[in-house]
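Student: Letter by letter, the sequence shown follows residues -11 to 304 of this note's numbering. Glycine included, each C-beta is placed from N, C-alpha and C at the ideal position.
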Amino acid sequence: MLEGMNRRSFLELSAAAGAAAMAPRWIEAQAAVAPATATQARPDPGSIPIKTTKLYDNVYLLQGAGGNMALQTSPEGNVLIDASFAPAVPRIREAIAAVSKDPPFALINTHWHSDHTGGNEGLHAAGFTIYAHQNTRKRLSTAQTVKMFNSVVPPAPAGALPVIVFDHALGISRNGDTLDLVHFDPSHTDTDIYILFHNADVMHLGDIWFNGMYPYIDEGTGGSIGGMIRAGERALAVAGNGTKIIPGHGPLGSKADFQNFHDMLSAVRDKVAALKASGASEQEAVAKKPTAAFDAVWAQGMLKPDAFVGIVYRTL
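1. When the Cα atoms are used, what is the spatial distance from L149 to L128?
2. Output the distance between the C-alpha atoms of G55 and T279, rounded to the nearest integer angstrom.
3. Quick check on this structure: which residue in Q288, T209 and G52 has the alpha carbon closest to the alpha carbon of K135?
4. If you draw a straight line from the C-alpha of T105 to the C-alpha of S266, how long is it?
5. Check the DSSP bridge columns for K39 and list the partner residues they point to.
6. Alpha helix (DSSP H) containing D258: first to last residue?
7. Between which residues of its own chain and G220 is the CB-CB distance below 6 Å, once the five residues before and five after are set aside?
8. Grouping DSSP H, G and I as helix and E and B as strand, with all else coil, what is N66?
9. Would you tell me roughly how many angstroms separate the C-alpha atoms of A114 and P92, rounded to the nearest one?
10. Would you grab the beta carbon distance between T98 and G236 for me? Rounded to a whole angstrom, and I think it's under 8 Å.
11. Rounded C-beta distance between L304 and A261? I'm assuming under 8 Å.
12. Are the CB atoms of F185 and L158 nearer to each other than 7 Å?
13. Are there 16 or more other CB atoms within 10 angstroms of the CB of K39, so buried, or fewer, so exposed?
14. Among residues of its own chain, excluding the 5 on either side of N229, which ones have a beta-carbon nearer than 7 Å to its beta-carbon?
15. Quick one: which unbroken alpha helix (DSSP H) runs of 4-plus residues sit fully inside the stretch 113 to 151? Chain order, please.
16. Could you tell me which of F154, Y202, M201 and D206 sits nearest to T307, measuring between CA atoms?
17. Please report the straight-line C-alpha distance between V297 and Q132, rounded to a whole angstrom.
18. Provide the residue(s) that pair with S161 in DSSP beta bridges, ordered along the chain.
19. For T231 and D189, which I take to be in contact (beta-carbon distance under 8 Å), what is that distance rounded to the nearest angstrom?
20. Per DSSP, which residues does A74 bridge with? Please list them.
21. Use the C-beta contact count for D195: other C-beta atoms within 10 angstroms, 16 or more gives buried, fewer gives exposed.
22. Quick check on the burial criterion: 16 or more other C-beta atoms within 10 angstroms. Buried or exposed for K42?
23. Select from T179, F282, A268 and D245 the residue whose C-alpha is nearest the C-alpha of W100.
24. Could you spell out where the alpha helix (DSSP H) holding M216 opens and where it closes?
25. Going by C-alpha to C-alpha distance, which of V256, R257 and I234 sits closest to F246?
26. Using a Cβ-Cβ cut-off of 7 Å (strictly less than) and excluding sequence neighbours within five positions of S212, which residues of its own chain qualify?
27. Residues in the same chain with beta-carbon distance under 8 Å from G289, minus the five sequence neighbours each way, listed in chain order, please.
28. Near I69, what residues of its chain come up, given a Cβ to Cβ distance below 7 Å and the 5 sequence neighbours on each side ignored?
29. If you draw a straight line from the alpha carbon of Y119 to that of A268, how long is it in whole angstroms?
30. By the three-class DSSP mapping on this structure, what secondary structure does A58 have?
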């Protein structure tokens, strides 16, 4: 039963073994980025196996080439959160078949980026109905400019577009649980949502959380450091101390882990804001190394400290 209110790819963050990497399709776009921004290997998404971790009786974490996915199984119909890259679809279907013979029901997109929506078309063809925030459908339906890569992403094919969209929130009661799909105000993008499984006590935050790494914030489609921090506050208010929290990238975490990420974002925001208020230019703020105290922990992902500081500065 459905209750609730009633749009392609940018920076393709592959998260294999907890690290983010760029997909082959974006090698040209990556060439426009400063070397310090993205330096890691770019494996073929279709060659990376999916790691499956059981989180609850019928809820699983799926981790492969793209953003982290979640799967809820049941004879009523499987619910999948996010769709990785298009070449990963056969791997995703294999991973689902390994734990469930149940029919497909819903594919929920946490936001518009194609490391989370690239598999939409293939999974829709396999029987999944695509759910998302209305802005995800809008972004996928039209060409998008990727500011960091100075590139334009064409519209997604019709079969990749969400068909059930909502504005503020949508509830799904199915498979012995109730799922809340709730839109954040613009944060990582203007399309982000979280999904909370009430009985399983599992929460998928999409790219509101990059666990163990500085986050990419898509300033070209509504993202900002302030929005990320406010989204984090909302998520922390909903999560319980025992909630299993799935980040968009990186390992499964807890509320305490996410609090550490949120505290880091707040501290970096404050340092960069003070530099900007004092009259420092973006280049001068970057040269001051305001993330230095955090780099040992958070500079292990795709986004390097100087690139992250630049995004923070520009989106204050």
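Tutor: The structure says:
1. In the sequence shown, counting from the first residue as 1, residue 149 sits at position 161. In the sequence shown, counting from the first residue as 1, residue 128 sits at position 140. Cα-Cα distance, rounded: 7 Å.
2. As a first step, residue 55 is located in the sequence shown; it is residue number 67 there, counting from the start. As a first step, residue 279 is located in the sequence shown; it is residue number 291 there, counting from the start. The C-alpha of T279 is placed about 25 Å away from the C-alpha of G55.
3. Numbered from its first residue, the sequence shown carries residue 135 at position 147. Considering only Q288, T209 and G52, the residue with the shortest C-alpha distance to K135 is T209.
4. In the sequence shown, counting from the first residue as 1, residue 105 sits at position 117. In the sequence shown, counting from the first residue as 1, residue 266 sits at position 278. C-alpha of T105 to C-alpha of S266: approximately 41 Å in a straight line.
5. Along the sequence shown, read from residue 1 onward, the residue named residue 39 stands at position 51. Q51.
6. For the purposes of this step, residue 258 is taken as the residue at position 270 of the sequence shown. K243 to A265 is the extent of the alpha helix (DSSP H) around D258.
7. Here residue 220 refers to the residue found at position 232 when the sequence shown is read from its first residue. Sequence-distant Cβ neighbours of G220 in its own chain, meaning closer than 6 Å and more than five residues away, are H250.
8. Taking the sequence shown and counting its residues from 1, the one referred to as residue 66 is at position 78. Three-state DSSP puts N66 in a strand.
9. Locating residue 114 in the sequence shown gives position 126, where the first residue counts as 1. Locating residue 92 in the sequence shown gives position 104, where the first residue counts as 1. So the two alpha carbons sit approximately 8 Å from each other.
10. Locating residue 98 in the sequence shown gives position 110, counting from the first residue. Locating residue 236 in the sequence shown gives position 248, counting from the first residue. About 7 Å; that satisfies the 8 Å criterion.
11. Along the sequence shown, one-based indexing puts residue 304 at 316. Along the sequence shown, one-based indexing puts residue 261 at 273. Contact between L304 and A261 holds: their C-beta atoms lie close to 6 Å from each other, under 8 Å.
12. Taking the sequence shown and counting its residues from 1, the one referred to as residue 185 is at position 197. Taking the sequence shown and counting its residues from 1, the one referred to as residue 158 is at position 170. Not a contact, by the Cβ cut-off of 7 Å.
13. For the purposes of this step, residue 39 is taken as residue 51 along the sequence shown, with counting starting at 1. Exposed.
14. Translated into the one-based positions of the sequence shown, residue 229 becomes position 241. Leaving aside the five residues that flank N229 on each side, the residues in its chain whose CB is nearer than 7 Å to its CB run, in chain order, K243.
15. Fully enclosed alpha helix (DSSP H) runs of 4 or longer: 122 to 129.
16. Lying outside -11 to 304, the shown extent of the chain, residue 307 is not represented and no answer is given.
17. Taking the sequence shown and counting its residues from 1, one reaches residue 297 at position 309. Taking the sequence shown and counting its residues from 1, one reaches residue 132 at position 144. Going from the Cα of V297 to the Cα of Q132 covers about 23 Å.
18. By one-based count along the sequence shown, residue 161 stands at place 173. Residue pairing by DSSP places S161 opposite T166 in a beta bridge.
19. What you label residue 231 is simply residue 243 of the sequence shown in a count that begins at 1. What you label residue 189 is simply residue 201 of the sequence shown in a count that begins at 1. Contact flag correct, Cβ pair sits at about 5 Å.
20. Along the sequence shown, read from residue 1 onward, the residue named residue 74 stands at position 86. Its beta-bridge partners do not exist; DSSP assigns none.
21. By one-based count along the sequence shown, residue 195 stands at place 207. So D195 counts as buried.
22. As a position in the sequence shown, residue 42 is number 54, starting the count at 1. Classification for K42: exposed.
23. Numbered from 1 along the sequence shown, position 112 holds the residue referred to as residue 100. Nearest of T179, F282, A268 and D245 to W100, Cα basis: T179.
24. As a first step, residue 216 is located in the sequence shown; it is residue number 228 there, counting from the start. Run containing M216: I213 to V226, per the alpha helix (DSSP H) assignment.
25. Working through the sequence shown from its first residue, we reach residue 246 at position 258. I234 is the residue among V256, R257 and I234 whose C-alpha sits nearest the C-alpha of F246.
26. If you number the sequence shown from 1, residue 212 lands on position 224. Here the set comprises P174, I205 and T303.
27. If you number the sequence shown from 1, residue 289 lands on position 301. Short of 8 Å from the beta carbon of G289, and not among the five residues preceding or following it, lie these beta carbons of its own chain, in chain order: A7, A8, F198, G200, M201, Y202, H237 and G238.
28. Here residue 69 refers to the residue found at position 81 of the sequence shown. Correct list, in chain order: M57, A58, I96, T98, I183 and H192.
29. Walking along the sequence shown from the start, residue 119 turns up at place 131. Walking along the sequence shown from the start, residue 268 turns up at place 280. Straight-line spacing of the CA atoms in Y119 and A268 works out to 43 Å.
30. Within the sequence shown, residue 58 is the residue found at index 70, counting from 1. In the structure shown, A58 adopts extended strand secondary structure according to DSSP, grouped into three states.
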